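The working numbering numbers the first residue of the sequence shown as 2 and each following residue consecutively.
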Amino acid sequence: MKLGDAAKGRIQLQPLGGRWTLFVDDKSVISTTDRHWLRRFAVTLRQNLSKDHSHEHNGHG
Numbered sequence: 002m003k004l005g006d007a008a009k010g011r012i013q014l015q016p017l018g019g020r021w022t023l024f025v026d027d028k029s030v031i032s033t034t035d036r037h038w039l040r041r042f043a044v045t046l047r048q049n050l051s052k053d054h055s056h057e058h059n060g061h062g
C-alpha cells in the first residue's frame, strides 16, 4: 500500500481571493491573510506528518 501512503499528507498553499489557504490531501484546513505564518505552519505540519508516516522512506521533498 505504498501509493496510499504517498498520497497522505500532501500539503499545498493556494492563494484564494487575497487569502492563503492550506490544503492537506486536497481538503481545506486553514485560511489566512498571513502567508508567512501559514508557510511556517505548513512546515511544522509537514514535519509532524512525516514523523507519523515514517515507514520505509519519506520520499522526495
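Just so you know, even glycine gets a beta-carbon here, dropped at the ideal spot from N, CA and C.
Predicted model only: the values in this text are computed from it and were never measured.
The alpha-carbon of residue 33 is positioned some 20 Å away from that of residue 10. Where residue 20 is concerned, the enclosing beta strand (DSSP E) starts and stops at 20 to 25. The beta carbon of residue 29 lies closer than 7 Å to those of 22 in the same chain, with the five residues before and after it left out.
Excluding the 5 residues flanking it on each side, residue 26 has same chain C-beta neighbours closer than 6 Å at 11, in chain order.
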